[in-house]
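Novice: In full-length UniProt numbering, the protein residues as written are 1 to 332.
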């Protein structure tokens with residue numbers, strides 16, 4: 001109730017000054033009956049206390065509401081009284097809210113149109129990329145490999161943009177089902193086989209076919225593709241391996257993607273899931289955008305999964321996707 005007392009401080013101050021000044025003026029005029037002064041002071045004090053108590057009881061909810069932070073946009077401030085000032089305040093707040101809502105709707109529509117345009121543009125770009133891919137099949141091997149590498153970068157970049165825009169409407173774009181992990185990981189590794197071959201890195205999958213997780217296959221495929229791509233790109237030399245395995249412990253299932261790469265410096269580790277953060281080693285790789293791991297983190301949270309990271313510079317990194325819901329289907 002600090003706000004109430006601050007609001008009425010001026011009234012209390014004026015009353016105090018008045019109760020001192022009036023007896024003083026009478027005393028200067030020679031009137032010295034202090035009993036009457038005391039009685040008048042008592043009546044005035046009772047009147048003031050009564051007024052303050054009345055306003056406190058009447059406006060208690062109003063002042064409490066002013067002290068409480070707004071959690072929703074449609075929360076209004078309760079009208080304090082029936083005075084002209086109170087009604088004017090309520091109308092002013094209502095008009096502010098209407099203007100704000102109108103502008104918010106306009107911004108949301110602009111954002112929706114912008115995301116729709118980007119999505120359509122990405123889909124349109126996929127067609128010429130597919131055509132270029134077919135044309136390059138008959139080219140000389142060395143030239144073809146170089147073009148294919150650039151095509152893959154373009155495709156992955158477009159894919160990242162597409163998933164970033166879809167994230168805004170995630171609730172309408174996912175379907176949870178039982179997914180065989182070994183089958184999914186094998187598919188993602190196969191989709192990135194050119195990257196493995198070009199980098200001379202070997203995938204090692206150690207997952208029993210019986211492990212199934214409950215997730216969305218499309219979004220989980222994107223997550224795995226990002227982690228596997230990063231593991232290959234940041235590996236330090238030829239002949240190394242990217243280990244992908246599954247461990248069940250403490251009622252959870254851990255999907256582990258481990259590389260033997262450059263590792264992540266300790267000062268960068270707490271920021272790897274932040275948007276646009278590339279870090280020390282990311283700045284030396286031109287294809288690093290700082291968005292891949294950010295999207296992985298966001299998607300995992302929306303799917304109800306967790307993602308964790310362990311790394312030591314010069315040794316390598318381990319990324320873990322933690323599933324709360326999983327099954328072990330024998331005979332799969």
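The beta carbon of each residue, even a glycine, is placed where N, CA and C say it ideally should be.
Three Cβ pairs or more, each shorter than 8 Å: is that satisfied between the stretch 256–265 and the stretch 126–137?
Specialist: no
Novice: Please report the Cβ distance between residue 257 and residue 319, rounded to the nearest whole angstrom; I am assuming they are in contact, meaning their Cβ atoms lie under 8 Å.
Specialist: Under the criterion of beta carbons closer than 8 Å, residue 257 and residue 319 qualify as touching, at roughly 5 Å.
Novice: Note down the Cα distance separating residue 51 from residue 20, rounded to an integer number of angstroms.
Specialist: 20 Å
Novice: Applying the 10 Å Cβ sphere with the 16-neighbour rule, what's the burial state of residue 211?
Specialist: buried
Novice: May I ask you to verify whether the stretch 243–250 touches the stretch 289–305, counting CB pairs closer than 8 Å and requiring at least 3?
Specialist: no
Novice: With H, G and I counted as helix, E and B as strand and the rest as coil, what does DSSP make of residue 309?
Specialist: strand
Novice: Return the CA-CA distance between residue 220 and residue 239, expressed in angstroms with no decimal places.
Specialist: 28 Å
Novice: Please say whether residue 165 and residue 127 have beta carbons closer to each other than 8 Å?
Specialist: no
Novice: Measure the Cβ-Cβ separation of residue 313 and residue 265 and say whether it is below 8 Å.
Specialist: yes
Novice: Compute the Euclidean distance between the alpha carbons of residue 289 and residue 138, then round it to the nearest angstrom.
Specialist: 32 Å
Novice: Taking Cβ positions, are residue 167 and residue 207 nearer each other than 8 Å?
Specialist: Residue 207 sits away from residue 167, with the two beta carbons spaced by 8 Å or more.
Novice: Could you say which of 6, 172 and 233 lies nearest to residue 203 if we only look at CA atoms?
Specialist: It is 233.
Novice: Would you identify the three-state DSSP class for residue 32, choosing helix, strand or coil?
Specialist: Here residue 32 sits in coil by DSSP.
Novice: Considering only DSSP beta bridges, list what residue 215 is partnered with.
Specialist: Checking the DSSP bridge columns, you'll see residue 215 partnered with 177.
Novice: To which residues does DSSP link residue 39 through a beta bridge?
Specialist: Answer by DSSP bridge pairing: none, since residue 39 is not bridged.
Novice: If you count every other CB in all the chains shown that lies within 10 Å of the CB of residue 222, and 16 or more means buried, which is it?
Specialist: buried
Novice: Mind checking which residues open and close the alpha helix (DSSP H) that includes residue 195?
Specialist: 193–199
Novice: What does DSSP give as the partner residue(s) for residue 256 in the beta ladder?
Specialist: 245 and 320
Novice: Report buried or exposed for residue 323, applying the criterion of at least 16 other Cβ atoms within 10 angstroms of its Cβ.
Specialist: buried
Novice: Take residue 315 and list the residues in its own chain whose beta-carbon comes closer than 6 Å to its own, dropping the five residues that flank it on each side.
Specialist: So the qualifying residues of the chain are 263.
Novice: Give the DSSP-derived three-state secondary structure of residue 315 in the structure shown.
Specialist: If DSSP states are grouped into helix, strand and coil, residue 315 belongs with coil.
Novice: Quick one: what does DSSP say residue 327 is sitting in, helix, strand or coil?
Specialist: strand
Novice: State the start and end residues of the unbroken alpha helix (DSSP H) segment that holds residue 301.
Specialist: 292–303
Novice: With distances taken from CA atoms, which of 172, 157, 188 and 113 is nearest residue 291?
Specialist: 157
Novice: Can residue 149 and residue 198 be called in contact, C-beta distance under 8 Å?
Specialist: yes
Novice: Would you tell me roughly how many angstroms separate the C-alpha atoms of residue 125 and residue 192, rounded to the nearest one?
Specialist: 20 Å
Novice: With a Cβ-Cβ cutoff of 8 Å, do residue 215 and residue 305 count as a contact?
Specialist: Yes, the pair counts as a contact, with Cβ atoms nearer than the cut-off.
Novice: Excluding the five sequence neighbours on either side, which residues of its own chain have a C-beta within less than 7 Å of the C-beta of residue 67, listed in chain order?
Specialist: 3
Novice: Should residue 189 be labelled buried (16 or more other beta-carbon atoms within 10 Å of its own) or exposed?
Specialist: buried
Novice: Would you mind giving the Cβ-Cβ distance between residue 48 and residue 15, rounded to the nearest angstrom? I have them listed as a contact below 8 Å.
Specialist: 5 Å
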